[in-house]
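Mapping to our numbering: the sequence shown position 123 is 597, numbers consecutive.
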Amino acid sequence: MTQAQARTSDQLAVDRTGLAATRTLMAADRTLMAWIRTALSMISFGFTIYKVLQGFADAGVHLNHPNSPRMVGLFLTAMGTVSMVLGTIEYARAIAMLREYQEESLWRPSFFIALIMACSGSFVFLSIIIRLL
Numbered sequence: 475m476t477q478a479q480a481r482t483s484d485q486l487a488v489d490r491t492g493l494a495a496t497r498t499l500m501a502a503d504r505t506l507m508a509w510i511r512t513a514l515s516m517i518s519f520g521f522t523i524y525k526v527l528q529g530f531a532d533a534g535v536h537l538n539h540p541n542s543p544r545m546v547g548l549f550l551t552a553m554g555t556v557s558m559v560l561g562t563i564e565y566a567r568a569i570a571m572l573r574e575y576q577e578e579s580l581w582r583p584s585f586f587i588a589l590i591m592a593c594s595g596s597f598v599f600l601s602i603i604i605r606l607l
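Structure below.
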């Protein structure tokens, strides 16, 4: 009889639960990284729209609706920041749920990057608001 065959069903269940928790943790990390990519795209695109149109205005180009593109840039930056915050909250809840089965720290690399992104998005959003006032 080999070592694997000598294991009890309780031991196997504990191993399988641990593996399932690890897979769920990795899925949560991948989901958070998707939130980060989406938020980064929205924040950078919104900021780019704002800066390009600000350059046009500084060069003296007359736009038919001068505030509309800036508002679109502001909207995308705000939505990117909000999505990053919501994704981070969802991730924290998933980790809290996993703690019932496996000891996990919330301070994983993906969570740290998400916090940086949320702070960066907030900074970009506030810088656009300050410039508009």
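Backbone N, C-alpha and C define an ideal beta-carbon position, used for all residues, glycine too.
Every value quoted in this text rests on a predicted model; they were computed, and no experiment measured them.
My understanding is that residue i touches residue j, with C-beta atoms under 8 Å, so please give their C-beta distance in whole angstroms.
i, j, result
"Met558", "Ala502", "Not confirmed; about 15 Å, so no contact."
"Thr562", "Leu589", "7 Å"
"Leu506", "Tyr565", "4 Å"
"Tyr524", "Arg497", "Not confirmed; about 41 Å, so no contact."
"Ile517", "Ile587", "In fact, because the Cβ distance is near 14 Å, the residues do not count as touching under 8 Å."
Is DSSP giving residue i helix, strand or coil here?
i, result
"Thr482", "coil"
"Gly595", "helix"
"Gln576", "coil"
"Val535", "coil"
"Trp581", "coil"
"Leu607", "coil"
Between which two residues does the alpha helix (DSSP H) containing residue i stretch?
i, result
"Asn541", "Asn541 to Leu572"
Keeping to the same chain, check which residues put their C-beta closer than 6 Å to that of residue i; ignore five residues upstream and five downstream.
i, result
"Thr555", "Gly595, Ser596 and Phe599"
"Arg490", "none"
Counting only the same chain and skipping the five closest in sequence on each side, list residues whose C-beta sits under 7 Å from that of residue i.
i, result
"Ala570", "none"
"Leu572", "Ala495, Thr498, Leu499 and Glu578"
Please list, in chain order, all residues of the same chain as residue i whose beta carbon is under 8 Å from its beta carbon, the five residues on each side excluded.
i, result
"Ile603", "Leu548"
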